[in-house]
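Heads up, the thing below is written out as structure tokens.
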Amino acid sequence: MKKVIMLAIMLLSTSGFLYAKQCQIENLVATQLNLNASYLSQAATSFSVACDSNYAIKFNTRNLTSASGSSYLINERNNRLRTQMNISGATASRWNAPIFQPATERNKFVVLVQLVDPPSAYTPAGEYRDNLYINLMF
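Using the numbering used here, read the sequence shown as starting at 1068 and increasing by one per residue.
Right, here's the structure in full:
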């Protein structure tokens, strides 16, 4: 029985102002995270934000269940495996809410995902997925 566990990353940036500001996401390490099919398996990605003014960053997942980063992976038959997501590098570790950050030449963020449910012989095979969304607002 083969289980593939993935988390795809989508980056979005928006600007609410008509005048030009410099704000960009740089040095993205991985656009797809693969977890081993084992209890407490972890995967992480990192990226940097360079912004010449204050900005807000928002982290969300398609299957997010709490502001503390609880989420789940789902396969094509709607079977679920719970995960815990963590953010480091931000002024707070809050999900689905803007986190206000000061202007900086380079601020490094790390997003870690950990498998909470222990896969077993009874866990249905399949490709389990979730999507991570990172919005940059400046």
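Every residue gets a Cβ at the ideal spot worked out from N, C-alpha and C, and that includes glycine.
Asked                                                                                                            : Found
Stretch pair the stretch 1180-1198 + the stretch 1144-1161: three plus CB contacts closer than 8 Å               : yes
Cutoff 6 Å; reference Asp-1184; Cβ partners in own chain excluding five residues on either side                  : Leu-1148, Arg-1149
4-residue-minimum alpha helix (DSSP H) runs that sit fully inside the stretch 1078-1165, ordered along the chain : none
Same chain, Cβ closer than 7 Å to Asn-1094, neighbours up to 5 away in sequence not counted                      : Phe-1114, Ser-1115
Paired residues, beta bridge with Thr-1171 - DSSP                                                                : Cys-1118
The stretch 1119-1126 / the stretch 1149-1166 touching (three or more Cβ pairs under 8 Å)                        : yes
For Leu-1182 and Ala-1087, the rounded distance between their alpha carbons                                      : With a pLDDT of only 49 at Ala-1087, under 50, the local geometry of the prediction cannot be trusted, and the value read off the model is given with reservation. Their Cα atoms are separated by approximately 41 Å.
Option nearest Gln-1168 by Cα separation, candidates Ser-1108, Phe-1205, Ser-1105, Gln-1151                      : Phe-1205
Helix, strand or coil at Phe-1205 according to DSSP, with G and I counted as helix                               : coil
Beta-carbon spacing of Val-1177, Ser-1155 below 7 Å                                                              : yes
Straight-line Cα distance separating Cys-1118 from Tyr-1106                                                      : 38 Å
Val-1183 - DSSP class collapsed to helix/strand/coil                                                             : coil
Residue from Gln-1099, Ala-1104, Ala-1097 with nearest C-alpha to Ser-1187                                       : Ala-1104
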